[in-house]
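Residue numbers (the UniProt record's numbering): 1 to 193. Below is one structure, written out as structure tokens; the observations come after it.
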């Protein structure tokens, strides 16, 4: 943990609200992004992010500093997301958002692409997002943390408080579930040129 962050944590533990607000400002976007990836709904993500911040505030004194503060924050965020999704079960929307999302955006590699190719890529993107949303929270979290957020196996292990072998096996199962869903879908059957 960096010195300024450690100082903010220490001050927050002593009840300094301004220090806590400064800590949360550094993590609020990441917390929201995790919640959005898990719910695919902006309002739900905002509600969950607020709940995570409240939980962090209430439990800051229990932060033992055995791990980094960011790992502790991610652990809380992922646990709140998973708990919320378990409560809701089938309430989570399975329809992919039509809004552009940089982390899922397919980069344009050629200016001479046909409009049909661009539309097909957007449809493909929507299908992938929808299938990710259909995964159980535990598997969805693996895809979000590793394939979308780019965290290492070790970071995921720390965030979720599970061993690296479990991370790898859950991620493998999640990817296989996605592959199975995508296998027979027409937008993904392309002829090699």
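C-beta: ideal position from N, C-alpha, C; glycine also. Remember, it's a predicted structure, so these values are computed and weren't measured experimentally.
Going by DSSP, residue 64 is part of no alpha helix (DSSP H) at all; its letter is neither H nor E.
The alpha carbon of residue 24 has as its nearest neighbour, out of 43, 127, 55 and 36, the alpha carbon of 55. Boundaries of the alpha helix (DSSP H) around residue 167: 164-183.
Secondary structure remark: continuous alpha helix (DSSP H) runs of at least 4 residues inside the UniProt domain "RNA polymerase sigma-70 region 2" (23-89), in chain order: 42-59 and 69-88. With a cutoff of 7 Å on beta-carbon distance, residue 77 and residue 135 are scored as not near each other.
Here residue 150 carries a coil assignment [DSSP, helix/strand/coil].
The beta carbons of residue 49 and residue 74 sit no closer together than 7 Å. Here residue 44 is buried: its Cβ has 16 or more other Cβ atoms, across all protein chains shown, within 10 Å.
With fewer than 16 neighbouring CB atoms inside 10 Å of its own CB, residue 154 falls in the exposed class.
DSSP places residue 140 within a helical segment (H, G or I) once states are collapsed to three. The three-state reading of DSSP puts residue 10 in helix, counting H, G and I together. Scanning its chain for C-beta atoms nearer than 8 Å, with the 5 sequence neighbours on each side dropped, one finds around residue 5 the residues 23, 26 and 69, in chain order. Rounded to the nearest angstrom, the gap between the Cα atoms of residue 21 and residue 85 is 27 Å. Here residue 164 is exposed. Its C-beta has fewer than 16 other C-beta atoms within 10 Å. Residues 156 and 171 of the same chain have their beta carbon placed closer than 7 Å to that of residue 146, with the five preceding and five following residues left out of the count. Measuring C-alpha to C-alpha distances from residue 62 to each of 12, 40 and 34 identifies 12 as the nearest.
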